[in-house]
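Structure first, then comments.
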Amino acid sequence: MNNTARKTTIKKTVFTSVTSLVAACVLYTMTLPLHANEPHRITHEDLIITTPFVFVTPPAALTAGGYLHIENTGDKDDILIGGTAAFAGKTEIHEMKMIDSVMKMKHLAQGLVIPAGESIELKPGGLHVMFMGLKEDLVEGKAVAGTLEFRKAGTVQIEYQVLDRKKHMSGKKHKHDSH
Ligand SMILES: [Cu+2]
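Count along the sequence shown from 1, then add 784; that gives the number in our numbering.
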């Protein structure tokens with residue numbers, strides 16, 4: 785191979801690999817919303833968990849609530865039994881309920897059933913993940929890590945986005961409309 789031929793070959797090789805890299809990127813970007821585990825969409829076994837979040841905590845707060853949407857695409861019920869969080873001493877599954885016009889919080893010691901083919905939403909004022917013994921303040925714009933434990937699907941890694949409560953509430957309608 786003479787020098788010119790070699791250069792052409794190298795150019796072609798570089799061009800081909802750049803082209804395939806671009807193609808790979810485009811493919812990756814296109815398939816991302818459907819298949820990848822992004823922080824706000826986690827697929828694990830038959831479960832699809834979307835938009836996990838917590839609210840910013842006031843300084844030295846001891847507790848915080850975690851919220852997320854869980855879809856069970858399988859044909860068997862699963863049960864959310866608890867979890868862990870790096871930023872809290874204890875993680876439980878709770879339910880808020882109005883009892884005699886007083887809002888009360890109940891620990892679901894038996895877990896929360898996620899029925900086959902159905903979705904459950906943990907949201908402010910209702911079902912929530914309860915973080916107790918906070919080890920740090922939850923700061924807006926950060927993400928904090930934890931796990932959720934399901935009887936059937938096992939342990940799922942979760943990343944909760946830390947959101948400002950006021951901004952979330954005012955933007956709520958818009959956010960839910962876009963889903
Ligand atoms: Cu609670």
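Heads up, the beta-carbon is just placed ideally off N, CA and C, and yes, glycines get one too.
- [ ] Assign HIS891 to buried or exposed, taking buried as 16 or more other Cβ atoms, counted over all protein chains shown, within 10 Å of its Cβ.
- [x] Counting other Cβ atoms within 10 Å of its Cβ, HIS891 stays below 16 and is therefore classed as exposed.
TODO: Using three-state DSSP, classify SER903 as helix, strand or coil.
DONE: Reduced to three states, the DSSP call for SER903 is strand.
TODO: Please classify ARG825: does DSSP put it in a helix, a strand, or coil?
DONE: Strand, per DSSP.
Open item on the list: Can you look up ALA881 in the DSSP assignment and give me helix, strand or coil?
Closed with: The displayed chain sequence assigns Lys, not Ala, to residue 881. The answer is strand: DSSP assigns LYS881 an E or B state.
Task: Same chain, Cβ closer than 6 Å to ILE863, five either side skipped, listed in chain order - done: Cβ within range, chain order: GLY895, VAL897, ARG935.
- [ ] Rank THR931, PRO843, ARG825, GLY850 by C-alpha distance to the C-alpha of LEU947 and give the top, closest one.
- [x] Considering only alpha carbons, the answer is GLY850.
Task: 8 Å contact criterion, which ILE833 and ILE904 should meet: CB distance rounded - done: Contact doesn't hold; Cβ gap of about 10 Å is too wide.
TODO: Verify whether the separation of the beta carbon atoms of TYR944 and PRO843 is less than 8 Å.
DONE: Contact: no.
- [ ] Reducing DSSP to helix, strand and coil, say where ALA808 ends up.
- [x] With a pLDDT of only 46 at ALA808, under 50, the local geometry of the prediction cannot be trusted, and no value is derived from it.
Task: For GLY858 and ALA900, believed in contact at Cβ under 8 Å, the rounded distance - done: At roughly 6 Å, the Cβ-Cβ gap stays under 8 Å, so ALA900 and GLY858 are in contact.
TODO: Label MET914 either buried or exposed according to how many other C-beta atoms from any shown protein chain fall within 10 Å of its C-beta, with 16 as the threshold for buried.
DONE: Buried.
Open item on the list: So, for LEU811: in the same chain, excluding its five sequence neighbours on each side, which residues have a beta-carbon less than 7 Å away from its beta-carbon?
Closed with: Its pLDDT being 44, under 50, LEU811 is placed unreliably in this model, and the coordinates cannot settle the point.
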